[in-house]
Structures are given as structure tokens and as C-alpha cells.
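Student: Submitted below is the structure of interest, expressed as C-alpha cells.
Residue numbers (this note's numbering): 928 to 1435.
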């Protein structure tokens, strides 16, 4: 909870005690305490902003103020306790107050305005966002085939320390993004409204750190129906340790992409998008016609799935980074991007896209895949770059299916088999990090959106913060070794500090 939210609940609690216990109403310092509830509620509302999870706290503040004012006008005398009707009403009122207080505390705790852990690296974090247009390609997900492919790209970079208290929002345009996310996930939008108040450790457009002339670059690709900030826990860790991270919002794949002129590219639902992705790693046989994907604009893809089209976004973004390094319109990144040291990572669909991008684009020197199967094209041709898969075992996937649904057996088998085949076919170094007790959301920020995630089967039995610590440790070790050339003891064998991990590695 935010500071004023906690203060309001504490004020409500103390004021409720005062109006409920007669002897507290005569105390010199306590009798006027209920008068503070409304001013504190107003301050919280105006300073931190209202959210529906605080409605009960506001209602309780109003109720306590009304009761207190009535007690001031018509105080209860000891003789009144003999009036059993009035006595019972008072007991009911106290019980109702306690119930309201319990609900008032539970709602913001269950759906908090959470904070990301402090980044472990030595650098502060800056961020800027760009609108890119690929004039060479049609927009596959729009109704107009003449429309060109557009992307929103957010860049986080190591920055000079700043005293600025204004941190960047977790999700800009949060009301639009969370509403769309709720729609495609078939959830209620009210579950995500608090995300508009979440901030990150990044500050907008502050100067890049100067202790290196250029910084290595990592491309991040979001999962289906997600958004570019969905792995902020991982992005901030990498950036604070000296990487520039570039996240791509891909129209069609993202829940929604909001462009600077206000127009929106709303994504497909999970089942719709799954039909476009599934042939990439689970091809259907027969006459082959079902392997071809029909896009919303009527285009028939003959590349087996939508994955190669999305992989082109990665190569296009790399091209545009070269242009930004020469002439950034914001003036932030000029001369700061080391495009000779580039890696890529993605989660879920983004992991499939990253695998395909690495197969196609030799500029990517290291490929990290988070909980995703590999396409048949990647398995067939093999990856030339070093690759790491951070995933889970089949038992964890089946456990998620039993408790949260999804993950048909055929999908589980395809996931495990394709990762194994891609790992065995590597031409460079390879690593498989299998984490026990993980659900799919544990590889993203979603696992820390609510402390109840594990109890609601949103996240797996593993502690969410612990899971993120493990992902961050292996991600950093992998990129440090294969993008920067630094040795890593973590990648030399099983780590005793991570008993939840089953680790494999191979040399080229």
C-alpha cells in the first residue's frame, strides 16, 4: 500500500476505537481523533489518487465522522447502558465497523500499488520511447493492407544518478492497456486499475551514464496479449548492471499498442493468436493447407505461422537503433549504443520470436528464451549463437494445468521436446535452466501484482520474489558471458544457492 493509504487505515482504526470505547472519548488526546479521518481521507484521495480498493476506507472515514459528531451532540451516559435495545444497536454498529475496517484493509493489500525491488546494479535507470514505422512492410493485423507496420519501442539505459523523485510510470496509458489486457485475458478490468499508480525506478530522458563510451544492447520481446513493460523486474536488473534494453510493442501480439497520435492497435484474444502461433512448433499434417495462416487483413501466410513476420520486427528495430545512434530526435542515445554487442530475450510468444530472430539475424550474439517452445525451423536449422532456455519441467506444467487450467498434454510435450531438440542442435554454447514450482506468470511481472497470486493459482508454489531473483541471476550471467565476454561461475555447473534449479550446459 502507499504511505497515505496506510495512514488512512491506521487513522480509521484508532478513530473506530475512540467512538466504540466510551472511556477513550474523554481522553485529552483521543477525543478529537475521529475528526482527522475525513481530512486524511481527502489528503489520500488528492495526493495519491483514488482507487476503488479504498472505497471501504473512505466509507468508514465518513461513518466514523458522522458517529463522532452525533456523540458530541448527544453523549451516551452510563445509565443508558440499561437500555438493552440501544445497547444491542451499539454492539451491532461496532461489529459493522470492524467488518468494514477488515474489508478496507484487505482490498488494498490484495490488489496493491506494489513497488519493484531496488535494482541490484550500480547504475540509475533512464527511459525514452520511440514510434517507429517500417515503410517496407504492410501491417498484417490491420484491416487496410496499404497501412505500414508501426511499432512502439521503449528503451531503458544506464543513467547518471539523479535526485529526481519523479519516477516513470510502470505502464503509460495504463487505463487503455489494462482494459485491453483484461479483455483479451477474459478478466475483469477492475482487477488491474491499480496498475496506473505503479511507478518504476526509471526516470524519463535523464542523461546516459558516462563511464563507458557505448553500452551493450538487449532486445526484449513481449508475450502474446502482453505489453512491452511486462518484464520490468528483469529489465531493471539488466539495465542497472550496464545494459541498454529495448522493448518492442508489437501490434497484434500486444494486448493493445497506443501510438502518439492516439490511435490504438488492439490485439487478438489468446485463442485467436494461438491459432496463428501453434503451427510454428506443432505443425499439422495432411494436405498442408492448415499450416497456412490467414491474417486479419486477408493475407495468407505461407511461412507456417505468424512468427517469422513478428521476427522481422526485431531486425527492423535493430536497423532503427543504428539510426538513433547517429541521430536520436530526443538527443539521448546518440553515440551510446554498442551495436556490435547485441543480445535478445523474450517471454512466451516473445521467446519463440526471439528464437526465430536469432536464426535469421546474425547481429544477435546471444539468445535467451523464457518459458517458450522452439519453432520447427529453429530445431531444423539450429542456432549459431549461444542460447539459454529458462523454463520448467513437465511436472510443473502439469501442476499448473491441474490448478489453473490450460497446458494440454500435447502442448507440454511439444514444449519439452522442442527445447530439448533445439538445445541438442546448437552450434554454440547452450544452457537449460529448469525451475521447479513455476507457473507461466512467474516468468513475468504478473506474479508480483498481488501477494495472493500463489493462493489464487495465478502463480506457482515458488515464492514470486525468489523466482525473479533466479531468473535475474541467470539472465545476467548469460549475457555477461556471451555478450560481454566475462567469465561466470554460475554457468559452470549447478549452483547450491539455487536448489530449485535443474541446470544443464554444453560447449560448442
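No residue lacks a Cβ here, since even glycine has one placed at the ideal position from N, Cα and C.
If you're wondering where the values come from, they're calculated on a predicted model, not measured in any experiment.
1. Specify whether the stretch 1364-1379 and the stretch 1156-1171 touch according to this definition: at least 3 beta carbon pairs, one from each stretch, less than 8 Å apart.
2. Taking the alpha carbon of residue 1022 as the reference point, which residue from 1091, 1294 and 947 has its own alpha carbon closest?
3. Which residue or residues does DSSP assign as beta-bridge partners of residue 1059?
4. Give the range of the alpha helix (DSSP H) segment to which residue 1244 is assigned.
5. What ranges does the alpha helix (DSSP H) occupy inside the stretch 1158-1203, keeping only unbroken runs of at least 4 residues that lie completely in it?
6. Grab the span of the beta strand (DSSP E) containing residue 1279 for me, first residue to last.
7. Grab me the residues of residue 994's own chain with a C-beta within less than 7 Å of its C-beta, minus the 5 sequence neighbours each way, in chain order.
8. Return the chain-ordered ranges of every alpha helix (DSSP H) run that is complete within the stretch 952-986 and spans a minimum of 4 residues.
9. Is the beta carbon of residue 1163 sitting closer than 8 Å to the one on residue 1128?
10. Within this structure, are the beta carbons of residue 1265 and residue 1143 separated by less than 8 Å?
11. Restricting to Cα atoms, I'd like to know which of 1253, 1307, 931 and 1112 is closest to residue 1193.
12. With a threshold of 16 other CB atoms inside 10 Å of the CB of residue 1039, please say whether the residue is buried or exposed.
13. Terminal residues of the continuous alpha helix (DSSP H) containing residue 943?
14. I'd like the list of long-range same chain contacts for residue 1320, defined as Cβ closer than 6 Å, with 5 residues on each side in sequence excluded.
15. Can you say whether residue 1418 is buried or exposed, counting buried as having 16 or more other CB atoms within 10 angstroms of its CB?
16. Which partner residues does residue 1317 have in the DSSP bridge list?
17. Distance, Cα to Cα, residue 1403 vs residue 1367?
18. Pick from 1336, 1317, 1207 and 1313: whose alpha carbon is nearest that of residue 1352?
19. Where does residue 1216 sit, in a helix, a strand or coil, going by DSSP?
20. Taking the alpha carbon of residue 1337 as the reference point, which residue from 1317, 1359 and 1300 has its own alpha carbon closest?
21. Between the C-alpha atoms of residue 1083 and residue 1171, what's the straight-line distance to the nearest angstrom?
22. Is the stretch 1102-1116 in contact with the stretch 1067-1075, if contact means three or more CB pairs nearer than 8 Å?
23. Rank 1062, 1291 and 1045 by C-alpha distance to the C-alpha of residue 1245 and give the top, closest one.
24. Quick one: is residue 983 buried, meaning 16 or more other Cβ sit within 10 Å of its Cβ, or exposed?
25. I'd like the list of long-range same chain contacts for residue 1232, defined as Cβ closer than 7 Å, with 5 residues on each side in sequence excluded.
26. Can you say whether residue 1031 is buried or exposed, counting buried as having 16 or more other CB atoms within 10 angstroms of its CB?
27. To the nearest angstrom, how far is it from the Cα of residue 1047 to the Cα of residue 1197?
28. Starting from the C-beta of residue 1028, find all residues in its chain whose C-beta is less than 7 Å away, skip the five residues before and the five after it, and write them out in chain order.
29. Where does residue 997 sit, in a helix, a strand or coil, going by DSSP?
30. Please state the DSSP three-state secondary structure of residue 1117.
31. Taking C-alpha atoms, which residue in 931, 974 and 997 lies nearest to residue 962?
32. With a Cβ-Cβ cutoff of 8 Å, do residue 1081 and residue 1120 count as a contact?
33. What are the start and end residues of the beta strand (DSSP E) that includes residue 1145?
34. Under the three-state reduction of DSSP, which class applies to residue 1086: helix, strand or coil?
35. By DSSP's criteria, residue 1065 is part of a beta bridge. Which residues make up the other side?
36. By Cβ distance below 6 Å, which residues in the same chain neighbour residue 1169 in space, the five residues on each side in sequence not counted?
Tutor: The structure says:
1. yes
2. 947
3. 1078
4. 1234-1254
5. 1159-1167
6. From DSSP, residue 1279 is part of no beta strand (DSSP E) but of the alpha helix (DSSP H) over 1276-1287.
7. 946
8. 964-974
9. yes
10. yes
11. 1112
12. buried
13. 930-947
14. 1361
15. buried
16. 1297 and 1360
17. 20 Å
18. 1313
19. With a pLDDT of only 43 at residue 1216, under 50, the local geometry of the prediction cannot be trusted, and the value read off the model is given with reservation. Note: residue 1216 maps to helix in three-state DSSP.
20. 1300
21. 6 Å
22. no
23. 1291
24. buried
25. 1203, 1204, 1206, 1207 and 1220
26. buried
27. 34 Å
28. 939, 940, 943 and 987
29. helix
30. helix
31. 997
32. no
33. 1142-1148
34. strand
35. 1075
36. 1085
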